[in-house]
Amino acid sequence: MRILVVEDEARVAAYIEKGFQENSYTTSWARNCTEANDLLSEGGYDLIVLDLGLPDGDGLDLLKDWRRCGFEEPVVILSARDSVADKVDGLNFGADDYVPKPFSFEELLARARSLMRRHGKSNQTVLKYRNITLDLLAHSAKVGDRAVELTKREYSLLECLMVNQGRVMTRTAIGESIWEARYDMQTNLIDVYIRKLRQHLGDDGDPPLIKTVRGVGYTMP
Numbered sequence: 154m155r156i157l158v159v160e161d162e163a164r165v166a167a168y169i170e171k172g173f174q175e176n177s178y179t180t181s182w183a184r185n186c187t188e189a190n191d192l193l194s195e196g197g198y199d200l201i202v203l204d205l206g207l208p209d210g211d212g213l214d215l216l217k218d219w220r221r222c223g224f225e226e227p228v229v230i231l232s233a234r235d236s237v238a239d240k241v242d243g244l245n246f247g248a249d250d251y252v253p254k255p256f257s258f259e260e261l262l263a264r265a266r267s268l269m270r271r272h273g274k275s276n277q278t279v280l281k282y283r284n285i286t287l288d289l290l291a292h293s294a295k296v297g298d299r300a301v302e303l304t305k306r307e308y309s310l311l312e313c314l315m316v317n318q319g320r321v322m323t324r325t326a327i328g329e330s331i332w333e334a335r336y337d338m339q340t341n342l343i344d345v346y347i348r349k350l351r352q353h354l355g356d357d358g359d360p361p362l363i364k365t366v367r368g369v370g371y372t373m374p
């Protein structure tokens with residue numbers, strides 16, 4: 154399950170991402186409206202956590218634009234604007250829930266899970282793709298009956314690809330989902346990790362488990 158966190162304060166965003174990741178969700182972070190639109194255009198998100206006070210625009214205007222363009226992903230507004238009027242505006246403009254700051258992550262998580270259930274999105278604990286099994290609770294992987302030893306980054310990369318089966322994941326999207334810092338597009342770090350992961354999985358068949366989409370990224374087709 155993939156969650157987009159739109160929040161300009163790095164400390165708050167890191168806190169939210171850490172909480173979701175510890176509960177087996179994959180996250181991406183956008184610090185402003187522009188980055189949020191770029192990430193959302195790639196698709197594949199199951200929930201959006203949206204702050205309203207963004208440096209390059211108002212989150213409510215951003216939300217209205219999304220709904221006008223047909224984006225139907227569930228949205229939780231997370232904002233210091235806590236008046237009744239603010240909450241009513243947020244819900245009327247297309248938000249599915251509204252959590253005022255300061256907040257507890259436990260409440261945000263519960264509301265997020267409730268929303269995803271209502272929208273038909275369940276948080277699976279086991280992912281399967283061909284002969285690969287990924288246990289999200291045990292943080293373990295198997296190829297057939299063979300246990301595969303993966304580093305934390307390798308496991309997160311495999312989870313990212315398996316959660317998004319059938320979707321082409323750009324290098325930027327992968328990097329921002331796995332690395333806490335903004336991914337540097339000038340490095341080949343993602344390609345190095347893909348190569349290591351393929352070795353662990355014994356990915357030398359035809360068709361491959363992980364397919365390279367030249368100039369774009371990778372997919373589990």
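All residue numbers for the sequence shown refer to our numbering, where the first residue is 154 and numbers rise by one.
Think of the CB as a built atom: it goes at the ideal place given N, C-alpha and C, for glycine as much as any other residue.
Would you tell me roughly how many angstroms separate the C-alpha atoms of residue i and residue j, rounded to the nearest one?
i, j, result
"L310", "E259", "26 Å"
"S232", "G243", "10 Å"
"A300", "A163", "37 Å"
"T365", "D235", "46 Å"
"G210", "R348", "40 Å"
"L261", "D250", "10 Å"
"C186", "D199", "18 Å"
"V237", "F246", "14 Å"
"S181", "D359", "31 Å"
"E333", "A189", "Unreliable positioning characterises E333 in this predicted model, as indicated by a pLDDT of 49, which lies under 50. A coordinate reading is not provided."
"R351", "K240", "47 Å"
"R221", "E195", "17 Å"
"T340", "T278", "32 Å"
"I230", "K305", "31 Å"
"A326", "W219", "19 Å"
"Q174", "D298", "27 Å"
Report the residue from the options whose alpha carbon sits nearest the alpha carbon of residue i.
i, options, result
"N284", "L362, D211, R221 and V345", "L362"
"E170", "T372, I331 and I343", "I331"
"I343", "V241, D250, H353 and M322", "M322"
"D356", "E307, V296 and E160", "V296"
"R264", "R324, A248 and T278", "A248"
"R367", "L350, Y346, C186 and R324", "R324"
"G172", "D218, V237, D239 and F256", "F256"
"N176", "E307, D239, A183 and E312", "E312"
"R266", "N190, I201 and E195", "I201"
"R183", "T278, R306 and G328", "Per the sequence presented here, residue 183 reads as Ala, with Arg not at that position. Comparing Cα-Cα distances from A183 to each of T278, R306 and G328, the minimum goes to G328."
Whole-angstrom Cβ separation of residue i and residue j, contact assumed at under 8 Å?
i, j, result
"R155", "G197", "6 Å"
"G319", "P253", "No, G319 and P253 are not in contact; Cβ-Cβ is about 37 Å, not under 8 Å."
"L287", "Y371", "Incorrect: roughly 16 Å between the Cβ atoms, too far for contact."
"H353", "L280", "So it is not a contact: roughly 16 Å between Cβ atoms."
"E307", "Y346", "6 Å"
Can the beta-carbon of residue i be found less than 7 Å from the beta-carbon of residue j?
i, j, result
"L192", "L157", "yes"
"A166", "E160", "yes"
"T179", "V316", "yes"
Taking 8 Å as the threshold, find out whether the stretch 219-226 comes into contact with the stretch 261-271 through three or more Cβ pairs. no
How do the stretch 289-297 and the stretch 200-216 stand: do at least 3 beta-carbon pairs fall below 8 Å, yes or no? no
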